[in-house]
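There are 2 protein chains.
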Amino acid sequence: MFRTAELGRTISKEAYHEAVPVLRAGLLDAQQLLRSAPFPVIIVFGGVDKGGKIETINLLNEWLDPRWIVTRAYGPPSDEMAERPEYWRYWRDLPPKGRMGLFLRCWYSRPILDRVNDRSSEAEFDEALDRIIAFERGLADDGALILKFWMHLGKKAQKAALTKLEANPLTRWRVSQSDWDHWHLYEKFIAAAERVIRRTSIARASWQIVEGQDKRYRSLTVGKAILDAVRAHLEETELHRRVIGEMKARADVAPQQAPDAPSSSVPPGTNTQVIQLPRVTVLSRLDVSRTIDKKVYDKRKEEYQGRLNLAVRKAKALGVSSILVFEGWDAAGKGGAIRRIVAALDARDYQVIPIAAPTEEERAQHYLWRFWRHLSRAGRMTIFDRSWYGRVLVERVEGFAAEGEWKRAYAEINDFEDQLVQHGIVLCKFWFHISKEEQLARFQAREGTAYKRWKLTDEDWRNRERWDNYEVAVDDMIEHTSTMLAPWTLVEANDKRFARMKVLNTVCRCLDAGIAQAEAAGAMALKSEKLEKIG
Amino acid sequence: MFRTAELGRTISKEAYHEAVPVLRAGLLDAQQLLRSAPFPVIIVFGGVDKGGKIETINLLNEWLDPRWIVTRAYGPPSDEMAERPEYWRYWRDLPPKGRMGLFLRCWYSRPILDRVNDRSSEAEFDEALDRIIAFERGLADDGALILKFWMHLGKKAQKAALTKLEANPLTRWRVSQSDWDHWHLYEKFIAAAERVIRRTSIARASWQIVEGQDKRYRSLTVGKAILDAVRAHLEETELHRRVIGEMKARADVAPQQAPDAPSSSVPPGTNTQVIQLPRVTVLSRLDVSRTIDKKVYDKRKEEYQGRLNLAVRKAKALGVSSILVFEGWDAAGKGGAIRRIVAALDARDYQVIPIAAPTEEERAQHYLWRFWRHLSRAGRMTIFDRSWYGRVLVERVEGFAAEGEWKRAYAEINDFEDQLVQHGIVLCKFWFHISKEEQLARFQAREGTAYKRWKLTDEDWRNRERWDNYEVAVDDMIEHTSTMLAPWTLVEANDKRFARMKVLNTVCRCLDAGIAQAEAAGAMALKSEKLEKIG
Numbered sequence: 000m001f002r003t004a005e006l007g008r009t010i011s012k013e014a015y016h017e018a019v020p021v022l023r024a025g026l027l028d029a030q031q032l033l034r035s036a037p038f039p040v041i042i043v044f045g046g047v048d049k050g051g052k053i054e055t056i057n058l059l060n061e062w063l064d065p066r067w068i069v070t071r072a073y074g075p076p077s078d079e080m081a082e083r084p085e086y087w088r089y090w091r092d093l094p095p096k097g098r099m100g101l102f103l104r105c106w107y108s109r110p111i112l113d114r115v116n117d118r119s120s121e122a123e124f125d126e127a128l129d130r131i132i133a134f135e136r137g138l139a140d141d142g143a144l145i146l147k148f149w150m151h152l153g154k155k156a157q158k159a160a161l162t163k164l165e166a167n168p169l170t171r172w173r174v175s176q177s178d179w180d181h182w183h184l185y186e187k188f189i190a191a192a193e194r195v196i197r198r199t200s201i202a203r204a205s206w207q208i209v210e211g212q213d214k215r216y217r218s219l220t221v222g223k224a225i226l227d228a229v230r231a232h233l234e235e236t237e238l239h240r241r242v243i244g245e246m247k248a249r250a251d252v253a254p255q256q257a258p259d260a261p262s263s264s265v266p267p268g269t270n271t272q273v274i275q276l277p278r279v280t281v282l283s284r285l286d287v288s289r290t291i292d293k294k295v296y297d298k299r300k301e302e303y304q305g306r307l308n309l310a311v312r313k314a315k316a317l318g319v320s321s322i323l324v325f326e327g328w329d330a331a332g333k334g335g336a337i338r339r340i341v342a343a344l345d346a347r348d349y350q351v352i353p354i355a356a357p358t359e360e361e362r363a364q365h366y367l368w369r370f371w372r373h374l375s376r377a378g379r380m381t382i383f384d385r386s387w388y389g390r391v392l393v394e395r396v397e398g399f400a401a402e403g404e405w406k407r408a409y410a411e412i413n414d415f416e417d418q419l420v421q422h423g424i425v426l427c428k429f430w431f432h433i434s435k436e437e438q439l440a441r442f443q444a445r446e447g448t449a450y451k452r453w454k455l456t457d458e459d460w461r462n463r464e465r466w467d468n469y470e471v472a473v474d475d476m477i478e479h480t481s482t483m484l485a486p487w488t489l490v491e492a493n494d495k496r497f498a499r500m501k502v503l504n505t506v507c508r509c510l511d512a513g514i515a516q517a518e519a520a521g522a523m524a525l526k527s528e529k530l531e532k533i534g
Numbered sequence: 000m001f002r003t004a005e006l007g008r009t010i011s012k013e014a015y016h017e018a019v020p021v022l023r024a025g026l027l028d029a030q031q032l033l034r035s036a037p038f039p040v041i042i043v044f045g046g047v048d049k050g051g052k053i054e055t056i057n058l059l060n061e062w063l064d065p066r067w068i069v070t071r072a073y074g075p076p077s078d079e080m081a082e083r084p085e086y087w088r089y090w091r092d093l094p095p096k097g098r099m100g101l102f103l104r105c106w107y108s109r110p111i112l113d114r115v116n117d118r119s120s121e122a123e124f125d126e127a128l129d130r131i132i133a134f135e136r137g138l139a140d141d142g143a144l145i146l147k148f149w150m151h152l153g154k155k156a157q158k159a160a161l162t163k164l165e166a167n168p169l170t171r172w173r174v175s176q177s178d179w180d181h182w183h184l185y186e187k188f189i190a191a192a193e194r195v196i197r198r199t200s201i202a203r204a205s206w207q208i209v210e211g212q213d214k215r216y217r218s219l220t221v222g223k224a225i226l227d228a229v230r231a232h233l234e235e236t237e238l239h240r241r242v243i244g245e246m247k248a249r250a251d252v253a254p255q256q257a258p259d260a261p262s263s264s265v266p267p268g269t270n271t272q273v274i275q276l277p278r279v280t281v282l283s284r285l286d287v288s289r290t291i292d293k294k295v296y297d298k299r300k301e302e303y304q305g306r307l308n309l310a311v312r313k314a315k316a317l318g319v320s321s322i323l324v325f326e327g328w329d330a331a332g333k334g335g336a337i338r339r340i341v342a343a344l345d346a347r348d349y350q351v352i353p354i355a356a357p358t359e360e361e362r363a364q365h366y367l368w369r370f371w372r373h374l375s376r377a378g379r380m381t382i383f384d385r386s387w388y389g390r391v392l393v394e395r396v397e398g399f400a401a402e403g404e405w406k407r408a409y410a411e412i413n414d415f416e417d418q419l420v421q422h423g424i425v426l427c428k429f430w431f432h433i434s435k436e437e438q439l440a441r442f443q444a445r446e447g448t449a450y451k452r453w454k455l456t457d458e459d460w461r462n463r464e465r466w467d468n469y470e471v472a473v474d475d476m477i478e479h480t481s482t483m484l485a486p487w488t489l490v491e492a493n494d495k496r497f498a499r500m501k502v503l504n505t506v507c508r509c510l511d512a513g514i515a516q517a518e519a520a521g522a523m524a525l526k527s528e529k530l531e532k533i534g
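Taken in sequence, the protein lines are chains A and B. When we follow numbering that gives the first Met the number 0, the leftmost residue of the first sequence carries the number 0, and every step to the right adds one. When we follow numbering that gives the first Met the number 0, the leftmost residue of the second sequence carries the number 0, and every step to the right adds one.
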């Protein structure tokens, strides 16, 4: 989940100084419009220590008019607070309509710290998150715009930040023992953070993960996100007001021609300039040039296929199912990799499900329905050549799914995969990545080879034109769905052999782990199941 | 929560036979329209055994065209099912767009039975409910219309139903040992049911509790609810389609005059007749004529006030706060009852908060904000003369709150009160009920007495005109918010002395219970708190 926030994104001094005046002007204008709007803006900052939460809040107070902002950070409850229900202090500080509230170390702090320090069980943790969800949903239902930023640093980057601050006598005071204590608990903290972000990213109050290492990058990212969201919410509120008015009038309005200049609630002269930030994606940091020697490949391939054959038969005997998901660019070599896997298997033990456009029957159902129906009986391997991720890739990019639909699909997919993994199914997800040049070369090769020409369609060329849009969609997909329970494996695939080897290796490793787990736990479950049948 | 479903509601044979043909025609028409609609209808039946679930499903299959309905009930999973994640079988059976699915003993069964039979912990129960919420929300987000009916019987009524079936040789087979086993677990079942209904009554998939005792009543109630919901959803979908179309066109449409006949997606000739059912509310079953002898009252009042004084001082020493909520008809005697309470108290130990229209500052916040701000420090009593229930009473009836707002307020209020009670606050909620005639007499008496005339306003007369609407709102309020943790006390108040005595008695009882609990648990908490401060 945090992989996309450890890419070392930076923004140059020049680009920063060019963007800031535009951003500030936009923010101030938006803040003025907000003052008469019928909703408050609630901005929550969470994340890793030294990820830039405090600096960003300070900067926002500098950029915006601080008279219309409340900023709150919470320490341990005072006597006053302890005598009332926990949320009393948060309710007390909520910004009224037309204002902005910046919240730090707030309702998320105690649940996370309690969990990291083993003061609460997982169930208690979940209960605390449910409380948060109810709180935020209530505010959002009431019209509040809620933005949540998670400022992330990798473990090494956090250590570097702490060390750097300590080395400077002027900033040494900013590092305390508790900072280092937290750093030693980094993995536990990240596990809790993933759960927080997944569970509490509800509609209208979802988390945005921000890479916190570069000050200029994170400042612009947060500032721009706030500006975009406030502008959109102002517009939406205005639209909503009009629709409600219309419904009340119960007028039968025939769609009219769009006028040249759509009317808007924004007064003339208001700054509406849009800020573009350079987009660095997780894919851009993959080294697709990695290769493997042909001889080494031939030898290892046989080893792995033998190992795979053994593992699949063992899994079948134990009833351990597996699901492999293949996604990737057109012509990235998914099909070839799948063939190298099934070559090692008995046809009765697996099925390959190629996912194309849904059938009529499938279109009449929820989009996940057609994947549920393909779940196999225990002990089989199911290979999806493209998958449910189409929702957040092609359907998003081509506009087949509305924004609300693909945005909520992340949570739906995580939930679906949770059910698979919790049922004991081994799940591997592969994204095949090639460079844009390599794709072109492969397309041209296909055109030139008679027996491969059928593989290349007009659609492939069209998709290629939207490469950048797809890259953004892939990055978002990995940010939202590469979870601890079901991580993505990114496959550097310019060298087909390298890619196939990585896939074979990963599948063997995951299957072996699943088998070992089933041998331990499954044996017990089987026993109790038998007892139940007798009883 | 179930009190409103134990009123012994019935419908006469004549009324039933008059309504059924209209209802059936409406249902068949709606079903035809549904066939080309872009959503499925999912209807879930839950409830107490012999509450009429099966009979109702059979009847719906008779009333509707069964070709466009799937009906599913689930037993223990087959081998096929057990080898896949639990929800596979539900996904498999979902109705496609344009169809209706009736579900019995489905995704709610295992969680409830596991909980009732102590096979799962409360945390596991909640986890299972979270799974349900995610499932249903996903379907609803996709456009599905989800209706959930909880068919209720009181414990005695269930016993009577079982006994009656057993007594008849023709129906004896319908009662099994497991029915009686369940009956013996009635209280546990109801506790689990309340949790299910509260947690899984999410927007667009909320439960409707139906009194199951009278066959004619429950059949008409369910049939009418389905018809109304399908009609509304068809209309809403059509409206939504138009709004989306408009947004896409980005046309700036000025509100037009409503034409004489609003266009509609309903073809001419379609049956759109509305069915009215006689409404029996929880209030209509209260015996407001209950009285207490004046001498008895005078004596007991003194006893209770002494007891109350002692309890409040003890509560203060222990840090046990209490909150009393007074709601009721105008002139029902809330003020007089409050004065009889505070007469026994030290002015420093309580505050009375009269709730009128919100201030400007309060209007700029979420409606619960102004109640949060009045929460007192530990050990005090706070008396609300009218309260947050205004949202679902006056604001609902007068249209100050939109339907979506007051409907979601039930869950928000339950959540708020949970936080109070879990914090150790003693919460008593009183609804003062008088007959309409008694209210009139009191209004006239006020008009006739100089020093009371100020108490009577035009608003009182206006509210009186909407008596029936208020009665429906009160019934809904009690159904949704009389929970095990925070039950309502309904006060029969035609006799002021009787009402005051019931209130004093209830407050003393609740305070004593809260004190006893605090003495046990609070002592432990204090200890661990001290240890924490030392550590």
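Where is the CB? At the ideal position from N, CA and C, for every residue including glycine.
Check the Cβ of residue i against every Cβ in chain A and list those closer than 8 Å, keeping chain order.
i     : result
B/L93 : Q364, H365 and W368
Would you decide whether residue i is buried or exposed? Buried here means 16 or more other CB atoms lie within 10 Å of its CB.
i      : result
B/A253 : Any reading at B/A253 must be qualified, since the residue scores a pLDDT of 43, below 50, and its modelled position is unreliable; the value itself is stated next. Exposed is the call here.
A/A520 : exposed
B/H365 : buried
B/A220 : The sequence given here places Thr at residue 220 of chain B; Ala does not occur at that position. B/T220 comes out buried.
B/K428 : buried
A/I42  : buried
B/R118 : exposed
Could you please give the first and the last residue of the uninterrupted beta strand (DSSP E) stretch that includes residue i?
i      : result
B/V425 : V425 to H432
B/L146 : L144 to H151
A/L489 : W487 to E491
The alpha helix (DSSP H) spanning residue i covers which residue range?
i      : result
A/A505 : Correcting the residue identity first, residue 505 of chain A is Thr in this sequence and not Ala. Here the alpha helix (DSSP H) through A/T505 covers K495 to Q516.
B/R289 : Careful: B/R289 lies outside any alpha helix (DSSP H) and carries neither H nor E.
B/S177 : Q176 to H183
A/T70  : Premise fails: A/T70 lies in the beta strand (DSSP E), I68 to A72, not in any alpha helix (DSSP H).
B/W90  : W87 to D92
Residues of chain A with CB closer than 9 Å to the CB of residue i, please, in chain order.
i      : result
B/A122 : S120, E121, A122, E123, D125 and E126
Please compile the residues from chain A whose C-beta is within a distance smaller than 7 Å of the C-beta of residue i.
i      : result
B/D414 : A133
B/R407 : D140
B/E411 : G137
Mind checking who residue i pairs with in its DSSP beta bridge?
i      : result
B/Y349 : B/M380
A/A204 : A/I201
A/M99  : A/V40 and A/I68
A/F325 : A/D384 and A/F429
Can you name the residues of chain B whose CB is closer than 9 Å to the CB of residue i?
i     : result
A/K96 : R362, A363 and Q364
Can you list the residues of chain B that residue i reaches, using a CB-CB cut of under 8 Å?
i      : result
A/W460 : Neighbours of A/W460 on chain B: none; closest Cβ ~27 Å, over 8 Å.
A/E237 : None at all; the shortest Cβ gap to chain B is about 11 Å.
Please list the partners that residue i has in chain B, where partner means a Cβ-to-Cβ separation under 7 Å.
i      : result
A/W328 : Going along chain B, no residue has its Cβ under 7 Å from A/W328, so there is no contact; the nearest lies around 29 Å.
inquiry  = For the region 417-441 of chain B, list every residue whose C-beta sits within 7 Å of some C-beta in chain A, in sequence order.
reply    = Cβ contacts with chain A come from Q418, L419 and H422.
Selection of the region 57-88 of chain A by Cβ proximity to chain B, strictly under 9 Å = Only those residues of the region 57-88 of chain A whose C-beta falls short of 9 Å from the nearest C-beta of chain B are listed: D78, E79, A81, E82, R83, P84, E85, Y86 and W87.
Contact residues within the region 129-154 of chain B, judged by C-beta distance below 7 Å to chain A = Going along the region 129-154 of chain B in chain order, one finds A133, G137, L138, D140 and D141 with a Cβ nearer than 7 Å to chain A.
query = According to a CB-to-CB cut-off of less than 7 Å, which residues of the region 369-392 of chain A neighbour chain B?
reply = Look at the region 369-392 of chain A: the residues with a C-beta under 7 Å from a C-beta of chain B are W371, R372, L374, R376 and A377.
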